[in-house]
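Going by the numbering used here, the first residue of the sequence shown is number 35, and it counts up by one from there. Built from N, CA and C at the ideal position, the CB exists for glycine as well. Working notes, structure below.
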Amino acid sequence: MRYTTLDQLEAGQAELLRAAREVAPRAFNPVSRFQVGAAVRDVRGNVYVGTNFESSALPLGVCAEPAALLAAISAGSRELTTIAVVGGDPAGDGKGAPVTPCGGCRQRIFDATGGAATTMRVLCSNLALGSVLDVTITELLPYPFGSSVLPAAAWEG
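Here you go:
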């Protein structure tokens, strides 16, 4: 886990953060007004984005991270390498701490990317992209619940 800046990242990683920031203002967020964008890259270099969707019945919303993961999966992509998450209050100065995935999203990222067998990179930032937290999913979710504890029949057809 390390904090870095946009200009210290590889060009592709900075591009992924910019894609997440670009989609963040498209959030459907009538309750919180909080914007979150996510962008996920697969092994072929394809990028899929998603943003948060709030419902007035709060538990029914969708976070940006699963929206991006579902876009990738819906397109047939299963070999994901990196996800970028950008968020914040657009009415603020945009310079707050990096926004990290919530606990449920950490689990979804872990599951969608093969779990402990992967070193899925997670890049987190604020809307200004001023400070970037660069971690792996297992650093964000050190004691995950995974398929290894479920009966094999749960994963069969």
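Would you kindly check if the distance between the Cβ of I117 and the Cβ of L50 is under 9 Å?
yes
Chain-order list of residues whose beta-carbon lies under 6 Å from that of R36 (same chain, five-residue window excluded)
D168
Could you say if the region 117-128 and the region 70-81 meet the contact criterion of at least three C-beta pairs nearer than 8 Å?
yes
Distance check for A98 and P59, CA to CA, integer angstroms please.
11 Å
Report buried or exposed for S159, applying the criterion of at least 16 other Cβ atoms within 10 angstroms of its Cβ.
buried
Taking DSSP's pairing of strands, which residues face Y177 in a bridge?
Y177 is not bridged to any residue.
Considering Cα atoms alone, identify which of P135, G180, L114, V133 is closest to M154.
L114
Please confirm whether I107 and A53 have their CB atoms less than 9 Å apart.
no
Own chain, CB closer than 6 Å to A61, minus 5 neighbours either side, in chain order:
Q69, T85, N86
Which same chain residues, not among the five before or five after E173, have their C-beta less than 7 Å away from its C-beta?
M35
Out of curiosity, what's the CA-to-CA distance linking G137 and R55?
21 Å
Would R78 be called buried (16 or more neighbouring beta carbons within 10 Å of its own) or exposed?
exposed
Thinking C-beta only, is L103 closer than 9 Å to I143?
yes
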